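Novice: Sharing a structure here in structure tokens format.
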Amino acid sequence: MQSIVEFKKIFKSYPGVIANEDVSFNIKEKSIHAILGENGAGKSTLVKILYGHVKPDSGEILINSDLAIINSPSTAKNLGINMVFQHFSLFESLTVAENLILGMNENISLSKLKDKSKTICDKYGFNLNLNSPISSLSVGQRQSVEIVRSLLNNPKILIMDEPTSVLTPDEISKLFKILKNLVKDGLTVIFISHKLEEIINLSDFVTIMRNGKVVSTISTQNEDPATLGYKMLGYKVSKAKQVSDINSSKDIFNIKNLSTQSKDPFTINLNSIDLNLKKGQILGIAGVAGNGQKELMEILLNENDYEFSGDIIFKDLKINNLSTFQRKSLSISYVTEERLGHSAVPEMSLSENIFLSMNHKSEFKKGDFINFEKINSYASDVIKNFNVDTPSYNVKAGKLSGGNLQKFIIGREIMSNPELLILSQPTWGIDAGSEAFIKKTIVELSQKGVSIIIISHDLDELLEVCHQISVLYEGFLSNPLNVEDINITKLGKYMGGLFD
Amino acid sequence: MSIELIIGILNIVLISTTPLVFAGIGELVTEKSGVLNLGLEGLMLVGAVTGFITLVITGNYFYSLFLSIISGVILSGIFAFLVLNLMTNQIATGLALTIFGIGLSAMLGKKFGGTPINGLNPYYFIVISFLLVFFVAYFLSKTKTGLIVRAVGENHNSAYALGYNVIKTRYLTIIFGGVMSSLAGYYISICYAPMWQEGMTAGRGWIALALVVFATWKPWRLLVGAYIFGGVAIMQMNLQAIGVKLPGQFFNMMPYLATIIVLVFISSNKLRLKLSAPSSLNIPFEKNQ
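Chains A and B supply the protein sequences, listed in that same order. Taking numbering that gives the first Met the number 0, the leading residue of the first sequence gets 0, the next gets one more, and so forth. Taking numbering that gives the first Met the number 0, the leading residue of the second sequence gets 0, the next gets one more, and so forth.
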């Protein structure tokens, strides 16, 4: 087999970070080639360079042994390179057909497009309704649209950036079947992932990246998840300790029959959600992204006066109409999904960010003025206790790496001694070291009697730290499953909406 | 009311509404691609004065129309360069364009105020304005280029990722909008008035902007909306003629009052606005290199 893509000494830096350094490896024709690495290892940057979306500082790419200068996505497409993005590049308000036409290099009529896409759908088992608007589709269906759109151009190389992160286990195995058939028909697939099992099941070769550099390129034949994981991380990460029993039987937080009736088609309506949380319990809310997680978090926070029916009860007190700060005063703390822009203001210092979140506490004020002494000492305590790597509390929040900022934010909330902590995607996109630290902190906190809700797409994380897991599917919340009784098949069924 | 009076009123409505249709349909295309150009008023005034001066000097309608259009291309081209290449704030730049246009047109037209000219027949332009709405509606909904314009306005990052030239598309829609505004101005000073007077567009640029929102970015609704506004504007004269006793200033403010009421009404339904507005409107596009 001949090499279809050759990377030669690719170098790309951003202010303060080297994304790719001296990256050189080859991709064989008609193979599935995985690129493995942690978040921030430089995988996405590398394939964006191949797709002409990002310009490298130096280095060359050879396609079929010829030097290729790819300076825009359209040149890449002319070379037969197509890409399916991690965050889909679909147009929400346009129909499937319009989205497909936009992806085509040539001009074709609607009827011809219908024929062509039908051929592809039948051959590989996609199921698309050309007239539905994208906003009405599930995440899995959206991905199908993206793949069909790429295939319509008869590509030679298909890049897929973390294609499985938004799919249910069922949808993943379907996707794998399709990809394998495509490779049989002559396509080369470049597949980015940080999930080890997937790579071993699917790909022929794997290139492992760490901190922007290639560690090695190997065949997956003789590898197993443990050996690959070791190569990816460069060290072994200790797992968070499994949680102890819950001592108390007293409910601290309840949601009763909560529903929303929004007419906005871009939001998911929640359907009679019931949830009970005991003191010291950790409840995980799993589910594929876009099944109502955002809406649930908004109601728990009450930032936008979301209208709903049903009751939210904290320690026998109905808190339906209480504002965010009133809820915080009752000792409920929140860590939202977006670190920059929601949990923290990037342009403001760490101290100032403490005040913004804690301004319901009178100890941080002197009359109408800010008590900076108190705030600064609080900030130093957070930095010290939660291993935040920063020179001082005067550093702007935006300067911290994702993992450090997340430790700071979680630390900030924990230090205010909450009785209930609600976290959304607590370890999304951060380094393995910080991730392990945060998981450990969460478990220790619950042992001290703090109740915790974690909304997350990351099943492994939930299985590791939670007592119970419920699944959100299209606005319905499943009954809670005890972690000891859970297997992946059952969870997969739940994530596809098949509750008991 | 006699038949003659009704026909007379309809005739005046047709004649007075056409500039709103021109400026509105141009802005609609610009906004569909995700750019908000608040400079309509300035573009209209410069288009009006350029056409007028050229006509006075050369006496040639073709030259005057041509130069008026060129003024729109140049001014909107500058606007496009500022907001697309230098990524200045679209709102501030648009306001600056309006203020600049008001000042420039006043300066250029100083000597020409009150100069008599032979006006053009407005009916050509009225017919063209209807054809234009039809053409834009067809272009946006049926052609691939129109689809690309909508895609760029909907999500410029995705459009770029698919290989479309976001900047070029927006240059073209901004310049189209600029030319349409110049035409609206040309029509006012050459057909409608016909004369030059400082600030003679009298806020029609702002009404056209409001019309685009009123029409929820749909060409046919824009046409209907424009005629409703035109009708309100004409009604003031007729009410005065019938003898309704209210201060004249009250009648003068009616079109603007109607604009505000309609905008409040439209914005009261946030969901409807969110669903129909181009998602990338007023968001600068930056290639991530």
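Quick reminder that beta carbons are idealized off the backbone N, C-alpha and C, glycines included. In this text, all values refer to a predicted model and were calculated from it rather than measured experimentally.
I want to verify the contact list: residues of chain A whose CB lies under 7 angstroms from the CB of serine 157/B, in sequence order.
Specialist: What serine 157/B touches in chain A: Ser88, Leu89, Phe90.
Novice: For the alpha helix (DSSP H) that serine 332/A lies in, which residues bound it at each end?
Specialist: Looking at the DSSP string, serine 332/A is not in any alpha helix (DSSP H); the run it does join, the beta strand (DSSP E), is 331–334.
Novice: Which one of Lys47/A, Leu329/A, Glu483/A has the shortest CA to CA distance from histidine 359/A?
Specialist: Leu329/A
Novice: Is any beta-carbon of chain B found at less than 7 angstroms from that of proline 72/A?
Specialist: Yes, proline 72/A counts as interfacial toward chain B.
Novice: What are the boundary residues of the alpha helix (DSSP H) that includes phenylalanine 284/B?
Specialist: No alpha helix (DSSP H) contains phenylalanine 284/B, which DSSP labels as neither H nor E.
Novice: From the beta carbon of lysine 42/A, is the nearest beta carbon of chain B less than 7 angstroms away?
Specialist: no
Novice: Judging by CA-CA distance, which residue of Ile281/A, Ala435/A, Leu78/A, Leu93/A is the nearest neighbour of asparagine 130/A?
Specialist: Leu93/A
Novice: What span of residues does the beta strand (DSSP E) with isoleucine 14/B cover, start to end?
Specialist: Where isoleucine 14/B is concerned, there is no enclosing beta strand (DSSP E), although the alpha helix (DSSP H) it sits in stretches over 2–31.
Novice: Can you grab the Cα-Cα spacing for the pair threonine 92/B / leucine 37/B, in whole Å?
Specialist: Cα-Cα distance, rounded: 8 angstroms.
Novice: What are the complete beta strand (DSSP E) segments, minimum 3 residues, inside the segment 11–70 of chain A?
Specialist: 16–27, 31–35, 57–62, 65–67
Novice: According to the Cβ coordinates, are leucine 131/B and isoleucine 8/B closer than 7 angstroms?
Specialist: no
Novice: Thinking glycine 33/B and serine 279/B are a contact (beta carbons under 8 angstroms), I'd like their distance in whole angstroms, please.
Specialist: 4 angstroms
Novice: Determine the extent of the beta strand (DSSP E) in which glutamine 89/B is found, giving its start and end residues.
Specialist: Per DSSP, glutamine 89/B belongs to no beta strand (DSSP E); it is in the alpha helix (DSSP H), 89–107.
Novice: Quick check: methionine 82/A and isoleucine 158/A, are their CB atoms within less than 7 angstroms of each other?
Specialist: yes
Novice: What residues in its chain sit with their C-beta under 6 angstroms from that of leucine 274/A, if we drop five residues either side in the sequence?
Specialist: Ile254
Novice: Just the C-alpha distance for valine 236/A and valine 394/A, rounded to the nearest angstrom, thanks.
Specialist: With a pLDDT of 47 at valine 236/A, under the threshold of 50, the predicted position of this residue should be treated as unreliable, and no value is reported.
Novice: Taking isoleucine 100/A as the query, report the chain B residues whose CB atoms sit under 7 angstroms from its CB, ordered along the chain.
Specialist: Lys143, Leu146
Novice: Does the CB of leucine 270/B have a neighbour CB from chain A at under 7 angstroms?
Specialist: yes
Novice: Name the residue from Pro132/A, Thr74/A, Asn180/A, Ser73/A whose alpha carbon lies nearest to the alpha carbon of phenylalanine 125/A.
Specialist: Asn180/A
Novice: Consider the Cβ of lysine 262/A: report whether some Cβ of chain B lies at a distance smaller than 7 angstroms.
Specialist: yes
Novice: When you check each C-beta in the segment 127–142 of chain A against every C-beta of chain B, which residues fall closer than 8 angstroms?
Specialist: none
Novice: Which residue comes first and which comes last in the beta strand (DSSP E) that contains alanine 285/A?
Specialist: Following the DSSP letters along the chain, one finds alanine 285/A inside the beta strand (DSSP E) bounded by residues 281–285.
Novice: What residues from chain A crowd round arginine 161/B, counting only those whose CB sits closer than 9 angstroms?
Specialist: For clarity, residue 161/B is leucine in the given sequence; the question names arginine instead. Within chain A, Pro72, Ser73, Lys76, Ser88, Leu101, Gly102, Arg148 have C-beta atoms less than 9 angstroms from the C-beta of leucine 161/B, given in sequence order.
Novice: Taking the beta carbon of glutamine 1/A as the centre, do at least 16 other beta carbons fall within 10 Å, making it buried, or is it exposed?
Specialist: exposed
Novice: Pick from Asn352/A, Ser342/A, Thr167/A, Glu91/A: whose alpha carbon is nearest that of serine 157/B?
Specialist: Glu91/A
Novice: Given that a residue counts as buried once 16 or more other Cβ atoms are within 10 Å of its Cβ, and exposed if not, what is arginine 271/B?
Specialist: exposed
Novice: In three-state DSSP terms, what is isoleucine 251/A?
Specialist: strand
Novice: For serine 472/A, report the span of its beta strand (DSSP E) as first-last.
Specialist: According to the sequence shown, residue 472/A is tyrosine rather than serine. Start and end: 467–472.
Novice: Does any residue of chain B bring its CB to less than 7 angstroms from the CB of asparagine 106/A?
Specialist: yes
Novice: Does glutamate 97/A come within less than 7 angstroms of chain B when only Cβ atoms are used?
Specialist: yes
Novice: At least one CB of chain A closer than 7 angstroms to the CB of glutamate 153/B: is that the case?
Specialist: yes
Novice: Counting only beta-carbon atoms, is alanine 214/B nearer than 7 angstroms to chain A?
Specialist: no
Novice: Can you have a look at valine 315/B and say buried or exposed, based on whether 16 or more other CB atoms are within 10 angstroms of its CB?
Specialist: The shown model of chain B, from 0 to 288, leaves out residue 315/B, and the question about it has no answer.
Novice: Which of helix, strand or coil does DSSP assign to valine 83/A?
Specialist: In the three-state scheme derived from DSSP, where H, G and I count as helix and E and B as strand, valine 83/A is classed as strand.
Novice: Please classify isoleucine 121/A: does DSSP put it in a helix, a strand, or coil?
Specialist: First, the residue type needs correcting, since residue 121/A is aspartate and not isoleucine in the sequence shown. Aspartate 121/A falls in the helix class under three-state DSSP.
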